[in-house]
Amino acid sequence: MNRIEAPSLKEIDKINFIEPRKVLIGNIAPFYSIENHGSDAARIELFFKAGTIIDRPVLASLCSGLLLAGTSKETATEIHNNIDDLGGFFDINLSQEHTVVSVYALNDQIIPLLTIVMDAMHNASFPEAEIEEQIADKKQRLRVSYEKVNFLCQRDFQKRLFEGTNYAKVTEIEDYDSVTRAEIIDFFNSYFRKGLLKATLVGRLQEEQLREIEQLLAPWAGKEVTNNTPIFKQQKGNYHIEKTATVQTGIRIGRMMFDRKQEDYHGFVIMNTIFGDYFGSRLMKNIREDKGYTYGIGSALAEMKDNGYFIIGTEVGAEVAAATLKEIQYEMTQMKDQLVDKEELELVRNYLLGQALKSADGPFAMMDLFLGVEMHGLDYSFYNEALKKLKLITAEEIQSLAKKYLVWEEMLVITAGQQLID
Amino acid sequence: MIQFERFELKNGLKVIFHKDTSTPMAVVNTLYDVGARDEQEDKTGFAHLFEHLMFGGSVNIPSYDAPLQNAGGESNAFTSNDITNYYNVLPAQNIETALWLESDRMLSLAFSPKSLEVQRSVVIEEFKQRYLNQPYGDDWLLLRPLAYLKHPYKWATIGKSLQHIEEVQLDDVKAFFKKHYNPANAILCISGNFEFDYIKQLVEHWYGNIPGGIKPARILPQEPKQTEFRKAVYERDVPADAFYYAFKMGERKSEEYYIADMLSDELGKEKSSVLYLKLKKELQLVTDINAYILGSLDQGLFMISGKMMNGKSMDELDTALWEVLDTFQLNPITAQELKRLKLKIRTSREFQEQGLLNRTMNLAYYELLGDANGINEEHEIYNAIEVEHLQELSKQLFVKENCSLLQIKATQSHE
Chain B
1 MNRIEAPSLK
11 EIDKINFIEP
21 RKVLIGNIAP
31 FYSIENHGSD
41 AARIELFFKA
51 GTIIDRPVLA
61 SLCSGLLLAG
71 TSKETATEIH
81 NNIDDLGGFF
91 DINLSQEHTV
101 VSVYALNDQI
111 IPLLTIVMDA
121 MHNASFPEAE
131 IEEQIADKKQ
141 RLRVSYEKVN
151 FLCQRDFQKR
161 LFEGTNYAKV
171 TEIEDYDSVT
181 RAEIIDFFNS
191 YFRKGLLKAT
201 LVGRLQEEQL
211 REIEQLLAPW
221 AGKEVTNNTP
231 IFKQQKGNYH
241 IEKTATVQTG
251 IRIGRMMFDR
261 KQEDYHGFVI
271 MNTIFGDYFG
281 SRLMKNIRED
291 KGYTYGIGSA
301 LAEMKDNGYF
311 IIGTEVGAEV
321 AAATLKEIQY
331 EMTQMKDQLV
341 DKEELELVRN
351 YLLGQALKSA
361 DGPFAMMDLF
371 LGVEMHGLDY
381 SFYNEALKKL
391 KLITAEEIQS
401 LAKKYLVWEE
411 MLVITAGQQL
421 ID
Chain S
423 MIQFERFELK
433 NGLKVIFHKD
443 TSTPMAVVNT
453 LYDVGARDEQ
463 EDKTGFAHLF
473 EHLMFGGSVN
483 IPSYDAPLQN
493 AGGESNAFTS
503 NDITNYYNVL
513 PAQNIETALW
523 LESDRMLSLA
533 FSPKSLEVQR
543 SVVIEEFKQR
553 YLNQPYGDDW
563 LLLRPLAYLK
573 HPYKWATIGK
583 SLQHIEEVQL
593 DDVKAFFKKH
603 YNPANAILCI
613 SGNFEFDYIK
623 QLVEHWYGNI
633 PGGIKPARIL
643 PQEPKQTEFR
653 KAVYERDVPA
663 DAFYYAFKMG
673 ERKSEEYYIA
683 DMLSDELGKE
693 KSSVLYLKLK
703 KELQLVTDIN
713 AYILGSLDQG
723 LFMISGKMMN
733 GKSMDELDTA
743 LWEVLDTFQL
753 NPITAQELKR
763 LKLKIRTSRE
773 FQEQGLLNRT
783 MNLAYYELLG
793 DANGINEEHE
803 IYNAIEVEHL
813 QELSKQLFVK
823 ENCSLLQIKA
833 TQSHE
């Protein structure tokens, strides 16, 4: 038998994108649902405008942590008991632009669960004792994070890259000392009440149950804030955060980019995959698989509302941190100076096609894929464009994108750890 | 109910096939019955380092990842104290690429010296990243040798020290492969929208002529029954004191495992759990506290761990914790509490089974436990648990002589 030659490959001919059912909650906020055939698992996600950029981040952080912390009638514990009785779970995630409340349960428990959560939020009383406890917990968690080089460089990267905008704001320990209960309540009233921007459901529910959810959520529906998009300046330069007694150094490198509506977007994603966004990328091949400097390194085009940024991240042995920076710079130069060869481009094409197929596999993945375009006001035609670009892109185009964007001198470079050794 | 079919090749390879008509993807999962517990005490961390080398090219194919990526797929692996598990996820129409790659590295590796040198460095960086350069990162490196005196669970999968990884020779790699990586020591599990006959024919084609080996006998040092309370205290440059109570519990295949799993949920999983309510909400001794079990194949650990609130002492916590555990032993939980524990287990399970990869890995793991169908029987085992079972087990587990306590004392001070 022939073990030398690879079996022949078959092209992916199509990807099925499923359009979610859409209705408006309270005539304002979209509610998207996708049916989960053949499973009893149901998830509802609620997107509130209460992100960290909307006010002092410490308020978003505390408020989101206190949503289920008690009402005038029930303690936090009683609320959690009620959630547990339904076999349900919830989590609350805070990002720069949203607070996302997610609830998980079996189909027949999801509406009772949502009812408990919305009721607890509607009547949230923000008890003093709960606030104090939350502050003590968050302070401690932040102190633990301060010990991580990864956290230190990521945070400094954020502060410098977004300088002059709300995106640069972070929470420090002392911020927790100046917060009052009235401010938290005020934040809640401003950005949670009438602050629900969209909701999603993945599950198997009847039409009347969907309407029941719409009614439950209707009082919360609100409009997207239409204040002007902040103006980001390109930031560059090298900065080091000294942390002694560390055996690895954290590295973040990047620059402001653009969002999915920009014409270079699709091409840049393909170029970036080659450069640093899969296991066989240039960065991985050189810095992990040839030099053994790190357990992992990657680059990405991160997305925000109406904007985006490029970021390279890794943690490397303290003694090879400076050498790693040189290698990253070298790989950027290679992308600019050399045409990607046919074989590598073909591999990345096939790889990305396979990943696209995977990212559309199953109702939960499909909802995430849909939200990826919805947040930019786009639809599935965006992905079809991406697939088309994947088939047509040339090595020359990739090179010109690298020349345009992978410019070392224009990058912001943050390191955290021991002093760099040259 | 997760449907599957199984067959075995003449060389001893066990194969499970799980059909899913709803997905365009396929998963090829290979579980090797070898983990860190099979290492020699002076060569720890080896099973995991070896896992990295499995991606360094096989006897006929110079690169593992590139052909798979070219087929639209991705691959990864993990090593635990018990097993080493490799998986490929790729578009179903290209499944043969995964079988070609996976069968060739079962046949033999390239054993390239360069691969050993590089992966040695990569694993050393992984060791630093996960265990040395993180606050509380070395907790399990300290706890394992306290809780286990003889059994190889006394070292972590990453190894006892960087030195063991630095000393590995290519001959060690070859010997390890020869002993543990053969069809008789593996379980292959394939899933996707295929016909059984097609999978059978493909597997026979790619794996049929791999020479059958001998499944290595596993004779591990037995852990003597613990008869004394053990305690170790370490100082670390961290912001808060941390504590780890480890209680010996039954092996994975015992009924006790399931009861302990449920007991840990009741004691310390959610914000309605016993320990959270008493030690955090009421006494405000801790900032977080959790109870959980290690699902290890041999005798496991029931863990209670957390971090102290600044200004509170671990002695106060110790007294309070034992009081809670003593009280718990005397007061059975209510039928309502039991019901919700079971419902929560069902919900979690429903979500876990969403993913094709999860289902595929789990089928292979249950086959290792004795029967892939165990995955479908677990629900009944949980359902049969009664209040008294939890009661009895808590009496048996939560005694001082069954406990090893690790305390991390913070040298940083904060008001």
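Note that the protein sequences, when read in sequence, are chains B and S. Using this note's numbering, you'd call the opening residue of the first sequence number 1 and step up by one each time. Using this note's numbering, you'd call the opening residue of the second sequence number 423 and step up by one each time. Cβ atoms here follow ideal geometry from the backbone N, Cα and C, with glycine treated the same way.
Contact between residue 209 (chain B) and residue 131 (chain B) does not hold, since their C-beta atoms are separated by about 36 Å, which reaches or exceeds 8 Å. Residue 809 (chain S) does not reach chain B, its nearest Cβ partner there being about 16 Å away, counting only Cβ pairs nearer than 9 Å. In this structure, B:302 is the residue among B:367, B:366, B:302 with its C-alpha nearest to the C-alpha of residue 255 (chain B).
Residue 56 (chain B) carries a coil assignment under DSSP once its states are collapsed to helix, strand and coil.
Interface flag for residue 531 (chain S) against chain B is unset, since no Cβ pair is found closer than 8 Å. Residue state for residue 302 (chain B) is assigned as strand, using DSSP reduced to three classes. Here residue 655 (chain S) carries a strand assignment [DSSP, helix/strand/coil]. Under the three-state reduction of DSSP, residue 18 (chain B) is assigned to coil, being neither helix nor strand. For the set B:156, B:151, B:267, the Cα lying nearest the Cα of residue 388 (chain B) is the one of B:267. Chain S has a Cβ within less than 8 Å of the Cβ of residue 136 (chain B). When secondary structure is reduced to three states using DSSP, residue 61 (chain B) falls in the helix class. Annotation: the continuous alpha helix (DSSP H) that includes residue 137 (chain B) extends over 128-145. Residue 39 (chain B) belongs to the set of residues whose beta carbon lies under 8 Å from a beta carbon in chain S.
Only residues of its own chain outside the window of five on either side were considered, and among them 575, 576, 577, 578 have a CB closer than 8 Å to the CB of residue 566 (chain S), listed in chain order. Within its own chain, the residues whose Cβ lies closer than 7 Å to the Cβ of residue 738 (chain S), once the five positions on either side in sequence are excluded, are 707, listed in chain order. Those residues of the region 722-741 of chain S placed with their C-beta closer than 8 Å to a C-beta in chain B are 729, 731, 732, ordered along the chain. In terms of Cα proximity to residue 108 (chain B), the closest of S:594, S:719, S:768 is S:768. Between the C-alpha atoms of residue 514 (chain S) and residue 379 (chain B) there is a straight-line separation of about 27 Å. Close partners of residue 80 (chain B) in chain S (Cβ separation under 8 Å): 692, 693, 694.
Residues of the region 495-512 of chain S that bring their beta carbon within less than 9 Å of a beta carbon in chain B comprise 495, 496, 497, 498, 511, 512, in sequence order. Here residue 540 (chain S) is actually not in contact with residue 212 (chain B); their C-beta atoms are around 58 Å apart, not less than 8 Å.
DSSP assignment within the region 608-636 of chain S yields the following whole alpha helix (DSSP H) runs of 4 residues or more, N-terminal first: 618-629. For residue 372 (chain B), the enclosing alpha helix (DSSP H) has its first and last residue at 363-374. The way I'd put it, the region 666-674 of chain S does touch the region 713-733 of chain S; three or more beta-carbon pairs between them come closer than 8 Å.
Boundaries cannot be given for residue 407 (chain B), as no beta strand (DSSP E) includes it and DSSP labels it neither H nor E.
The beta carbon of residue 780 (chain S) is closer than 6 Å to those of 774 in its chain, skipping five residues each way along the sequence. Distances from the alpha-carbon of residue 790 (chain S) to those of S:821, S:451, S:663, S:581 put S:451 closest. With 16 or more neighbouring CB atoms inside 10 Å of its own CB, residue 501 (chain S) falls in the buried class.
Comparing alpha-carbon positions, the option among S:655, S:654, S:599, S:652 lying closest to residue 468 (chain S) turns out to be S:599.
In the displayed model, residue 424 (chain S) falls within coil according to three-state DSSP, outside both helix and strand.
Looking at the backbone, the Cα of residue 336 (chain B) and that of residue 275 (chain B) are separated by about 11 Å.
Below 8 Å, enough C-beta pairs join the region 34-49 of chain B and the region 88-106 of chain B to call them touching: three or more. Under DSSP, the beta-bridge partners assigned to residue 316 (chain B) are B:249, B:294. Here the region 747-764 of chain S lies against the region 687-697 of chain S, with 3 or more beta-carbon pairs under 8 Å apart. Residue range 265-276 is occupied by the alpha helix (DSSP H) that includes residue 276 (chain B).
Residue S:750 holds the alpha-carbon nearest to the alpha-carbon of residue 821 (chain S) among S:714, S:797, S:750.
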